[in-house]
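Colleague: First the structure, then my questions, so here it is.
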Amino acid sequence: MQGIQSWGDTLRLLVELSATAAFALSGLMEAARKKLDIVGICVVAFLAAFGGGTLRDLLLDQRPFFWVQHVEVLWGVLGLCALAVLFLRHRHFELTEKAIQWPDALGLGLFTATGVHHALGALMPAVVAVLMGLVTGVFGGVLRDMVCNEIPTAFRDHQPYAVCAFAGGWVYVGLWQADAPGWVALVACVVVTAGLRGLALWRNWALPAWRA
Amino acid sequence: MQGIQSWGDTLRLLVELSATAAFALSGLMEAARKKLDIVGICVVAFLAAFGGGTLRDLLLDQRPFFWVQHVEVLWGVLGLCALAVLFLRHRHFELTEKAIQWPDALGLGLFTATGVHHALGALMPAVVAVLMGLVTGVFGGVLRDMVCNEIPTAFRDHQPYAVCAFAGGWVYVGLWQADAPGWVALVACVVVTAGLRGLALWRNWALPAWRA
Amino acid sequence: MQGIQSWGDTLRLLVELSATAAFALSGLMEAARKKLDIVGICVVAFLAAFGGGTLRDLLLDQRPFFWVQHVEVLWGVLGLCALAVLFLRHRHFELTEKAIQWPDALGLGLFTATGVHHALGALMPAVVAVLMGLVTGVFGGVLRDMVCNEIPTAFRDHQPYAVCAFAGGWVYVGLWQADAPGWVALVACVVVTAGLRGLALWRNWALPAWRA
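Chains as they are written, first to last, in numbering that gives the first Met the number 0: chain A, 0 to 211; chain B, 0 to 211; chain C, 0 to 211.
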């Protein structure tokens with residue numbers, strides 16, 4: 000039993016780290032495309048990786064932030080940026096983007112679940128908890144794009160991204176209200192969110208467009 | 000007396016709801032012009048309607064936010080966005096913009112008064128209270144424009160907008176310091192702010208330009 | 000001794016005021032270049048001068064803000080904006096930019112030291128304290144550029160700016176951990192940050208560029 004527990008913890012840690020790295024890489028590549036310098040690259044990677052959770056904690060008035068409690072993630076992002084500047088080239092970008100789609104989908108699910116979990120713990124109403132899940136999962140990318148002077152991709156590419164997190168968030172809230180164990184709600188939220196996102200990527204789903 | 004009181008409450012609720020709807024609609028139309036998808040439309044409408052008050056509460060460190068205490072407004076904005084996507088067309092935009100100018104002017108006054116009121120309640124100095132009124136009334140639009148990758152209209156169109164809220168804010172503070180009843184300060188602030196804004200719209204007032 | 004103390008205080012106040020004015024002027028000129036109106040000019044000047052410290056206090060959850068405790072600085076920035084609109088012309092800009100480089104470098108050092116100091120006082124880990132120093136010194140300019148719809152200069156001009164603050168911040172933390180007196184850490188941080196910035200300006204240092 001002990002073994003399964005610690006195996007689960009290790010798995011979760013691995014998923015979390017690869018998801019955070021995927022988010023940071025997305026920031027890093029956008030910064031590179033905009034020809035930012037090393038300072039800009041680090042800031043945008045940091046915003047993409049931790050901006051969503053930080054904004055959620057600001058809104059919920061919770062401290063310490065994740066990256067204050069675990070300062071090693073700051074060094075991790077810095078190291079990732081240093082490695083990227085040394086080894087990543089523009090011709091690798093398309094490949095990298097493909098490669099991070101899956102950890103990114105997992106990360107979206109995991110970050111959403113974390114956000115809903117924190118908000119429910121702060122006694123927020125259901126719809127606000129789902130919103131906080133969305134903020135955690137999606138607003139890192141939004142801040143990344145705003146700093147890079149772009150309209151956020153999540154708001155204009157007509158691909159289901161926030162919508163998947165929205166669905167997953169409600170799954171979490173529903174299971175929580177049905178008194179399901181925490182890990183069931185967590186796993187269900189990640190599976191639904193990442194699953195929908197994966198399906199959307201695979202089947203090329205598009206959100207209905209605004210008619211002129 | 001009871002009747003007048005409840006009549007006043009109903010009136011205030013009506014003004015508040017139509018003002019919030021006007022702010023949300025302004026966000027919605029800007030999002031549509033930028034061809035955002037449904038996620039972007041909802042976020043920008045939400046930011047335009049509640050961004051100013053939320054930023055004020057963040058700065059004053061006050062919780063819960065308005066939209067946490069009244070989650071039905073979240074559903075209201077979502078519903079408005081859904082209706083707009085179904086029924087609003089680009090050719091209706093000019094008409095809608097004309098139609099929302101007046102509830103928007105009322106909203107500017109009301110939001111400013113609310114901001115000043117909250118800041119005075121948090122024991123802020125007079126000039127900071129006026130500033131918080133400005134933030135509440137104006138920064139929803141500022142955040143809306145920043146997300147849409149525009150320089151905020153309020154900062155560049157040379158039309159008196161924030162300036163009206165600035166004047167109205169001082170009226171509130173002055174009456175409050177003269178120990179006038181709360182509703183007098185509120186009504187005077189709304190009348191001055193919305194009145195000046197209305198005059199500015201009607202007479203086409205412009206702020207003095209920066210000389211080259 | 001008393002005399003030296005008060006002489007030091009006066010000097011520090013002078014440095015602080017000229018640094019704040021330099022930051023505000025940088026905002027003012029960017030606003031003028033973007034042809035913002037008087038409202039935009041005041042907001043951008045305010046953001047450039049106080050945005051970094053305000054963001055730091057939001058992240059550290061500290062109140063009151065500097066400009067709430069010292070409301071006279073609000074009037075100062077307003078007065079500076081009024082004077083600038085009356086007397087500054089576009090042809091003066093290049094000269095003004097040269098003239099503010101040195102108080103700006105001093106300000107970068109001083110703001111960084113203040114940020115590190117606040118963060119250490121709030122019991123933050125060393126790397127977070129340095130980060131808060133960076134936020135205080137650099138993010139006023141970042142917010143200024145974001146409102147003006149530009150990619151922040153600090154992230155793309157390949158000039159050492161945040162990097163100088165990063166070095167200075169570590170000097171502060173190192174001396175503080177070695178139990179040096181507070182004023183030694185402060186002065187050393189300012190000297191290292193402003194000195195490196197001055198050297199970078201003088202020798203035209205550039206950050207290594209991202210290779211394609």
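From the three backbone atoms N, C-alpha and C, an ideal C-beta is built for every residue, glycine too.
Go through its chain and collect everything with a Cβ distance to F138 (chain B)'s Cβ below 7 Å, but skip five positions before and after it.
Modeller: Here the set comprises G50, G51 and L54.
Colleague: Please check if any C-beta of chain C sits within less than 8 Å of the C-beta of D56 (chain B).
Modeller: Answer no: the Cβ-Cβ gap between D56 (chain B) and chain C never drops below 8 Å.
Colleague: Contact between the stretch 130-146 of chain C and the stretch 116-129 of chain A: three or more CB pairs below 8 Å?
Modeller: They do not touch, by the three-pair rule.
Colleague: Could you name the residues of chain B that V162 (chain A) contacts, counting a contact when the two beta carbons are closer than 7 Å?
Modeller: Chain B residues near V162 (chain A): V38.
Colleague: Would you call M0 (chain C) buried or exposed, if buried means 16 or more other Cβ atoms sit within 10 Å of its Cβ?
Modeller: Note that M0 (chain C) scores 48 on pLDDT, short of 50, meaning its location in the model is unreliable; the coordinates nonetheless yield the value given after this. Counting Cβ neighbours within 10 Å, M0 (chain C) comes out exposed, since fewer than 16 surround it.
Colleague: Run down chain B in chain order and give the residues with a C-beta less than 8 Å from the C-beta of K97 (chain C).
Modeller: Neighbours of K97 (chain C) on chain B: none; closest Cβ ~20 Å, over 8 Å.
Colleague: Just tell me which of C:Y171, C:G75 and C:E29 has its CA closest to the CA of S17 (chain C).
Modeller: Comparing Cα positions, the closest option is C:G75.
Colleague: Pull up the distance between the alpha-carbon of F65 (chain A) and that of G194 (chain C), whole angstroms please.
Modeller: So the two alpha carbons sit approximately 34 Å from each other.
Colleague: Taking 8 Å as the cut-off, decide whether the C-beta atoms of L57 (chain C) and L142 (chain B) are in contact.
Modeller: Their beta carbons are not under 8 Å apart, which means L57 (chain C) does not touch L142 (chain B) by this criterion.
Colleague: Tell me where the alpha helix (DSSP H) around A205 (chain B) begins and ends.
Modeller: Unbroken run through A205 (chain B): none, as it is neither H nor E.
Colleague: Please tell me whether L105 (chain A) and V162 (chain A) are closer than 8 Å, where the distance is taken between their beta carbons.
Modeller: No, Cβ-Cβ distance for L105 (chain A) and V162 (chain A) is not below 8 Å.
Colleague: Mind checking F86 (chain B): buried by the 16 CB within 10 Å criterion, or exposed?
Modeller: Label assigned to F86 (chain B): exposed.
Colleague: Between T192 (chain B) and L107 (chain B), is the Cβ-Cβ spacing less than 8 Å?
Modeller: Going by C-beta atoms, T192 (chain B) is nearer than 8 Å to L107 (chain B).
Colleague: Beta carbon of E149 (chain B), beta carbon of N148 (chain C): below 8 Å?
Modeller: Yes, they are a contact pair.
Colleague: What's the call for L12 (chain A), buried or exposed, on a 16-neighbour Cβ count within 10 Å?
Modeller: By the 10 Å Cβ count, L12 (chain A) comes out exposed.
Colleague: Below 8 Å between beta carbons is the criterion; list the residues of the stretch 68-83 of chain C that meet it against any residue of chain B, in chain order.
Modeller: Listed in sequence order: V70, L73 and W74.
Colleague: Tell me the DSSP secondary structure of I150 (chain C) in three-state form.
Modeller: Here I150 (chain C) sits in coil by DSSP.
Colleague: Label V241 (chain A) either buried or exposed according to how many other C-beta atoms from any shown protein chain fall within 10 Å of its C-beta, with 16 as the threshold for buried.
Modeller: Nothing about residue 241 (chain A) can be reported from this structure: the residues present for chain A run from 0 to 211 only.
Colleague: Taking only three categories from DSSP, how would you classify Y171 (chain B)?
Modeller: Reduced to three states, the DSSP call for Y171 (chain B) is helix.
Colleague: Does the beta-carbon of A21 (chain A) have 16 or more other beta-carbons within 10 angstroms, so that it is buried, or is it exposed?
Modeller: With 16 or more Cβ atoms within 10 Å of its Cβ, A21 (chain A) is classed as buried.
Colleague: Report the residues of the stretch 138-167 of chain C with a CB closer than 8 Å to any CB of chain B, ordered along the chain.
Modeller: For the stretch 138-167 of chain C, which is checked against every Cβ of chain B, the residues closer than 8 Å are M145, V146, C147 and N148.
Colleague: Could you say which of A:R196, A:P159 and A:L46 lies nearest to A23 (chain A) if we only look at CA atoms?
Modeller: Among A:R196, A:P159 and A:L46, the Cα nearest to that of A23 (chain A) belongs to A:L46.
Colleague: What residues from chain B crowd round L94 (chain A), counting only those whose CB sits closer than 7 Å?
Modeller: Those within 7 Å of L94 (chain A) in chain B number zero; the least Cβ separation is about 27 Å.
Colleague: State the DSSP-derived secondary structure class of P102 (chain C), mapped to helix, strand or coil.
Modeller: The answer is helix: DSSP assigns P102 (chain C) an H, G or I state.
Colleague: Please list the segments of the alpha helix (DSSP H) lying wholly inside the stretch 68-99 of chain B, counting only runs of 4 or more residues, in order along the chain.
Modeller: Entirely contained in the stretch 68-99 of chain B, the alpha helix (DSSP H) runs reaching 4 residues are, in chain order, 71-86.
Colleague: Hey, how far is the Cα of L59 (chain A) from the Cα of A118 (chain A)?
Modeller: About 7 Å.
Colleague: Helix, strand or coil: how does DSSP classify Q176 (chain B) here?
Modeller: Residue state, collapsed to three classes: helix.
Colleague: Check whether chain C comes within 8 Å of P63 (chain B), counting only Cβ atoms and requiring the distance to be less than that.
Modeller: P63 (chain B) does not count as touching chain C.
Colleague: Just to confirm my understanding: we take A199 (chain A), look at its own chain, exclude 5 residues before and 5 after, and list those with CB closer than 7 Å. What are they?
Modeller: Taken in chain order, the residues that qualify are Q158, P159 and C163.
Colleague: Chain C beta carbons: is any one of them nearer than 8 Å to that of V42 (chain A)?
Modeller: With 8 Å as the cut-off, V42 (chain A) counts as an interface residue toward chain C.
Colleague: State yes or no: is the beta carbon of L59 (chain B) nearer than 8 Å to at least one beta carbon in chain A?
Modeller: By this cut-off, L59 (chain B) is not an interface position.
Colleague: Contact criterion: CB-CB distance below 8 Å. Does L107 (chain C) meet it with respect to chain A?
Modeller: False, the Cβ-Cβ gap to chain A never drops below 8 Å.
Colleague: Could you list which residues in chain B have their beta carbon closer than 8 Å to that of P207 (chain A), in chain order?
Modeller: Going along chain B in sequence order, the residues near P207 (chain A) (Cβ under 8 Å) are I37 and V84.
Colleague: Can you list the residues of chain F that M123 (chain C) reaches, using a CB-CB cut of under 8 Å?
Modeller: Protein chains A, B and C are contained in the structure displayed, whereas chain F is not.
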